[in-house]
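Here the structure is laid out as structure tokens; the discussion comes afterwards.
Numbering (the working numbering), first residue to last: 1211 to 1645.
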């Protein structure tokens, strides 16, 4: 059965095309810096947004029209959603997907029944993957929606909730492993606090680290080769979430001896909520060799919550792709569209318009990023700006061979330094020129 009978398979037609069902910039076979666009991007679709997001907001119920869904909590309905999703992946030409366990299969308020339902749907997904060649980018467990997790999972004050969450992680890891997932993500949706008046932060962080160590051990036990990720987010729904930004995640991983087992899955909208730019968050992770994957979206600075909009800002996608190229490209990660249509864009066709726009925005960003690197003026300026560290006193400082007395002697001999301009406006002009 065709669920999108009036939608053609989306193809590249070039920037002059006016066809709303065509890519204007994303040409999957175009080679840039030695790799095709498809391989650079490794686009993924988020099951939870495409198939399960009803488009509710804090002031009203959902508006999404999903004619294939009977809204029952049955395994059969879950399998039908999977069929719809894979038809969508085929028509939009996206090769990867990501899921939460409770998005692909029902929560039945009984762990054994819920786990069996997950296994049944995973078997169905496996058949769809085999038939289509689509792949799982990463899986994760939904440890934030059910009321049992209202006070956290790995950081819950109730040890029984911790145990339930750990068992759910095990089942979700099994599902990800069975489907050949290239990664597994931990997102602490409620791993934080509403007030410190009733919170033992040190104990909660110790417990969260214990859960992650258990997951590392289980990963080795089952032979799962995928990459583990932690996804930063500062707040919402909690007042403060422990994985608040890239730096906080890295500090946590170092403190609990987990840095060798995890990289970061970084989301643009979460960077905004943390008071950072996405460029900042990626740079922090990249500096620690911990940039793994990216949730591709953008936020609205005029609204106070995580709006998960599809990326349309070419400056933003360009800066993201500059960091991806600097990293040498994705290995296990990719660009997962953790993004939803606007509440007003409620028809099934809007799923295609949204993803086409996001894919084209990143394709343009990739082309501009490659042009910036080929042009070389920005890289040359940055290199020259730090040239005093390449020899002489700077090289000696970096080697750790000088002390404060020796640096004082240097200053007395050489006097006041003359500082060169940072040329911010020139750098911005070059970016605009190449954009």
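Glycine is no exception: its CB is placed at the ideal position from the N, C-alpha and C atoms. None of these values were measured; they are calculated from a predicted model.
- Burial state of residue 1414 is buried, judged by a 10 Å Cβ sphere holding 16 or more other Cβ atoms.
- Excluding five sequence positions before and after residue 1468, the CB atoms of its chain that fall closer than 6 Å to its own CB belong to 1422, given in chain order.
- In this structure, the alpha-carbon of residue 1478 lies about 11 Å from that of residue 1523.
- Nearest Cα to residue 1345 within the set 1321, 1375, 1373 and 1390: 1390.
- Collapsing the DSSP output to three states places residue 1477 in a strand.
- Taking C-alpha positions only, residue 1607 is separated from residue 1630 by approximately 20 Å.
- Counting only unbroken stretches of 4 or more residues, the alpha helix (DSSP H) elements lying wholly within the region 1457 to 1505 are 1478 to 1483 and 1488 to 1497, in sequence order.
- Non-local C-beta neighbours of residue 1509 in its own chain, meaning closer than 6 Å and more than five positions away in sequence, comprise 1479, 1482 and 1517, ordered along the chain.
- Beta-bridge analysis with DSSP links residue 1345 to 1306.
- Residue 1632 sits away from residue 1251, with the two beta carbons spaced by 9 Å or more.
- Residue 1533 is positioned such that its CB atom lies closer than 9 Å to that of residue 1492.
- Of the other Cβ atoms in all chains shown, 16 or more fall within 10 Å of the Cβ of residue 1443; this residue is therefore buried.
- Excluding residues up to 5 positions away in sequence, 1550 lie with their Cβ nearer than 6 Å to the Cβ of residue 1263 in the same chain.
- Within the region 1597 to 1639, complete alpha helix (DSSP H) segments of at least 4 residues are found at 1602 to 1609 and 1614 to 1624, given in chain order.
- By a beta-carbon distance limit of 8 Å, residue 1362 contacts residue 1400. Their separation comes to about 5 Å.
- In this model, residue 1461 and residue 1455 are separated by some 10 Å (Cα to Cα).
- In the structure shown, residue 1350 falls within a strand segment according to DSSP collapsed to helix, strand and coil.
- Under the three-state reduction of DSSP output, residue 1356 falls in the coil class, being neither helix nor strand.
- Judged by beta-carbon spacing, residue 1270 lies beyond the 9 Å limit of residue 1305, meaning their Cβ atoms are not closer than that value.
- For residue 1378, the secondary structure class from DSSP, reduced to helix, strand or coil, is helix.
- In the same chain as residue 1636, and ignoring 5 residues on each side of it, the C-beta atoms closer than 8 Å to its own belong to 1591, in chain order.
- Around the CB of residue 1281, fewer than 16 other CB atoms lie within 10 Å, so the residue is classed as exposed.
- For residue 1473 against residue 1451, the beta-carbon gap comes to about 19 Å, at or over 8 Å, which does not count as contact.
- With fewer than 16 other Cβ atoms inside 10 Å of its own Cβ, residue 1596 counts as exposed.
- Residue 1498 and residue 1275 have their C-alpha atoms some 43 Å from each other.
- When the Cα atoms are used, residue 1457 and residue 1530 turn out to be separated by approximately 18 Å.
- Within the same chain, and ignoring the five residues on either side of residue 1380 in sequence, the residues whose Cβ sits closer than 7 Å to its Cβ are 1428.
- In this structure, the CA atom of residue 1382 is about 12 Å from the CA atom of residue 1393.
- Between the region 1282 to 1292 and the region 1576 to 1585 there are fewer than three inter-stretch CB-CB distances shorter than 8 Å, so the stretches are not counted as touching.
- Secondary structure note for residue 1405: it is in no alpha helix (DSSP H), with a DSSP letter that is neither H nor E.
- As computed with DSSP, residue 1546 is found in a beta bridge with 1254 and 1505.
- Shown here, residue 1233 sits in a strand according to DSSP, grouped into three states.
- Measuring C-alpha to C-alpha distances from residue 1245 to each of 1539, 1555, 1625 and 1347 identifies 1539 as the nearest.
- Contact between the region 1363 to 1371 and the region 1307 to 1319 is absent, with fewer than three C-beta pairs closer than 8 Å.
- For residue 1525, same chain residues with a beta-carbon under 6 Å away, outside a window of 5 residues either side, do not exist.
- The three-state reading of DSSP puts residue 1428 in helix, counting H, G and I together.
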